[in-house]
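Before any comments, here is the structure.
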Amino acid sequence: MNWQMHLPALALAVPLLGAFLSLVVGLGGRYLRNAWMVCVSIATTAICIMLLQRVLAGGTMVYVMGAESWNFTLPSGLSWPIRIIIQVDAFSAFMAATSSIAALAGAFFSLRFMDKFTGLEKFSALYFLLVTGMLGMQITGDLFNFFVFLEIASVASFGLIAFWRDRPEAVEASFKYMVVSTVSAMFVLIAVGFLYGRYNAVNIAAVARMLHMGYAEKIALVFLVVSLAMKSGAVPMHMWTPDAYAEAPAGVTCLLVAVSQASLYGLFRVCFTLYGVTAGSVVIPWTIIIMGVLSMFIGVTMAVIQKEMKRLMAYHSVSQIGYILLALGVGLLSLKDPQAMADYGFTAMKGGIFHILNYTMYKGLLFLSAGAVFYSAGTRDLNELGGLARNMPQTTFMFVIAAAAIAGLPPFNGFVSKLLIYQTTFAVYPLLAVAALVTSVLTLASFVKVFQTAFLGPARKTFEKVVEVPASMLLGMAVLTLVIVVLTLFPGWTLSHLVEPAAKALIDQSGYISAVMGGGL
Amino acid sequence: MTGNAPFLVVGVIFLLGLYAILTERNLIKIAIGISLLEASANLLLIVLGYRTGGSVPIFTLAGDVGTMVLPTPQALTLTAIVIGLATSALLLSLVMLLYRHYGTLDVREIRRLRG
């Protein structure tokens, strides 16, 4: 009996315990609360990275809650797949590790960023609930539990977005996000109901094994795709993204970026694993591709005209989500055809999955650096900012790295994943690659604008007394910078050791099913 | 035909909820629309698990019963109701805060964030 067997359950139990105990620990004062937040974040990240290591070495892990086997067998020999299971394959573990690193950075950053405010024990409780919901969505093997974790993550994020509840804008953004996300959660629940009504099971592997296309399945698929795309902030359902990202405290925005990746994970899990080739090779893939192209282009054109730093970056996240949708849509398009999959589909998926990792890191870092500017200078308005590179050299340095990565400048990691996406989308339809390239140029343009107006230029009188942010905030940003630098220096290693197993796991539907069901029902 | 009547009710409630969310301008009415959506999802789950003439799915001292309704959807529904309660409470408290800040419940006047 090896304790590492229980890693999948620990990945949920540790942040959940952290959430509820932080209310108790908070009674002991500020230092105790901060120490608790650091310990729980580090423990969660360590668990997720160990989980990734173990899954990469030993294949898919299946963990059954409170029982020995995934099915419930009656004495008469009838058996039902009704146990609560956690199933971690390489893609799940990859996502969990990526988002737990973002959560760690956000937690470090929030320690000092939030210290002017009260009710911080509630802040850390909600923060860890959000982490629990996010990790739960990524490692569960059960459709209904996916809905439950989706709601845990949503409810926690409503609270965090509206944390500064004396600001009308924050409450307004939270309400907007709440309406959108509750409606989409109900869509998910109804889709789960449809699938349950057809197959008497909510276990993803069991449903995927039995699934054959009919009206009920088509309705469920449409509901799932629409609602999860809405939650991940793709155009045309993107209107909540800029508001929520801009109004949430910066450490939380860094985590929200990772949470939107969890919805994206759900979307791909549904398309590739639950439906697989039965999803068809025209309508659903092209819907995802077109959503991707629209998100890329509309997101970036809206970003260019923004004057508020975090809002500008939030529109960029819409456009970056577009790249990921585009790449994995191309993968879905070639799922049926082994030749196309070998020619361009698999490379596109590697690009998309690598982009998920890159995007979470550099976008988290950008939001944190915007938060640092807000903390020190007291404003996020680009018309008022200027000359901050003199006062905040470290923040400026890290901002430049993140901005170069998001714009896809050659040595940086963003360039690698974008290059893979350009090459493969060109093979499908050249215009897609053109749209992706134009988006990249516009991204560069708008980050040059931010860098030039906020950090360069003459020193301003109003910012004479501005100093660099405290060390713990710099540490939070340094975590993400370090990951970006490592990814930049070793793209080949990352692609072959982390990204490729994840992409393989995503297209290997029968592997996912047999990991749970083994010999069959 | 009568066996399908509950599903029709689910559909009608769902569309009513969606209509309310999309067209109403009062925040409280939007909250009501969301509650209607939740109710229709819960009703759908319950209806899916019902078997005509079925009894309570408890084996202990059940006596002589032929069919039982499915227990899983009921467990799912209970969970969904609890989640719905949390969401509704939070939704209404946000409406309250919005009213305090803006002095109105009209969505056309609560739009400081745009562009």
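If you read the protein sequences in the order shown, they are chains V and F.
Using numbering that gives the first Met the number 0, the letters of the first sequence map in sequence onto residues 0 to 520.
Using numbering that gives the first Met the number 0, the letters of the second sequence map in sequence onto residues 0 to 114.
Backbone N, C-alpha and C fix where the C-beta goes; we use that ideal spot for every residue, glycine too.
None of these values were measured; they are calculated from a predicted model.
Runs of alpha helix (DSSP H) with 4 or more residues, each lying fully within the stretch 21-87 of chain V, are found at 29-57, listed in chain order. In this structure, DSSP gives D336 (chain V) a state outside helix and strand, which the three-state scheme calls coil. Straight-line measurement puts the Cα of I33 (chain F) at about 8 Å from the Cα of V178 (chain V).
Contact residues of the stretch 179-203 of chain V toward chain F are T181, V182, M185, L188, I189, G192, Y195 and G196 (C-beta to C-beta distance below 7 Å). Judged by their CB atoms, L134 (chain V) and A10 (chain V) are nearer to each other than the 8 Å cut-off. When Cβ-Cβ separations below 8 Å define contact, F157 (chain V) makes contact with chain F.
Between H354 (chain V) and I323 (chain V), the gap from beta carbon to beta carbon is short of 8 Å. The shortest CA-to-CA distance from L331 (chain V) to any of V:S375, V:V303, V:G491 and V:C270 is the one to V:C270. With fewer than 16 other beta carbons inside 10 angstroms of its own, I57 (chain F) counts as exposed. In the three-state DSSP reduction, D342 (chain V) falls in the helix class (H, G or I). Contact between L194 (chain V) and I288 (chain V) does not hold, since their C-beta atoms are separated by about 25 Å, which reaches or exceeds 8 Å. V:F414 is the residue among V:R32, V:S509, V:F414 and V:R53 whose C-alpha sits nearest the C-alpha of F489 (chain V). If you ignore the 5 residues before and after A369 (chain V), its C-beta comes within less than 7 Å of the C-beta of A249, M308, K309, M312 and R379, all in its own chain and listed in chain order.
For P429 (chain V), the uninterrupted alpha helix (DSSP H) segment begins and ends at P429 to V449. Taking 8 Å as the cut-off, the beta carbon of A233 (chain V) is found closer than this to the beta carbon of S294 (chain V).
Closer than 8 Å to the CB of P72 (chain F) there is at least one CB belonging to chain V.
Here DSSP, grouped into helix, strand and coil, assigns T424 (chain V) to helix. Only residues of its own chain outside the window of five on either side were considered, and among them I109 have a CB closer than 6 Å to the CB of Y101 (chain F), listed in chain order. Taking the Cα of V292 (chain V) as reference, the smallest distance to any Cα among V:A247, V:A302, V:K306 and V:P235 is reached at V:P235. With contact defined as three or more Cβ pairs closer than 8 Å, the stretch 142-155 of chain V and the stretch 76-93 of chain F are in contact. Under a criterion of Cβ atoms nearer than 7 Å, the residues of chain F adjacent to D242 (chain V) are, in order, L112. The bridge partners DSSP lists for N25 (chain F) are F:D105. Those residues of the stretch 31-59 of chain V placed with their C-beta closer than 7 Å to a C-beta in chain F do not exist. Collapsing the DSSP output to three states places D507 (chain V) in coil. For F411 (chain V), same chain residues with a beta-carbon under 6 Å away, outside a window of 5 residues either side, are A403, A404 and T487 in chain order. Contact of A19 (chain F) with chain V is not assigned, every C-beta pair being separated by 8 Å or more. Taken through DSSP and simplified to helix, strand or coil, M67 (chain F) comes out as strand.
Just so you know, the alpha carbons of G491 (chain V) and K362 (chain V) end up roughly 22 Å apart. Beta-bridge annotation (DSSP): S54 (chain F) is paired with F:M67.
In the DSSP assignment, E307 (chain V) is bridged to V:D380. Of all residues in the stretch 24-48 of chain F, only I29, I33, L36, E37, A40, L43, L44 and L47 come within less than 7 Å of chain V when Cβ atoms are compared, listed by chain position.
Residue pairing for T139 (chain V): DSSP places it in a beta bridge opposite V:I85. DSSP lists V:D141 as the beta-bridge partner residues of N202 (chain V).
With a threshold of 16 other beta carbon atoms within 10 Å, E463 (chain V) falls short and is exposed.
By alpha-carbon distance to M391 (chain V), the top candidate from V:L419, V:G351, V:S280 and V:F450 is V:F450. When the Cα atoms are used, D165 (chain V) and T277 (chain V) turn out to be separated by approximately 50 Å.
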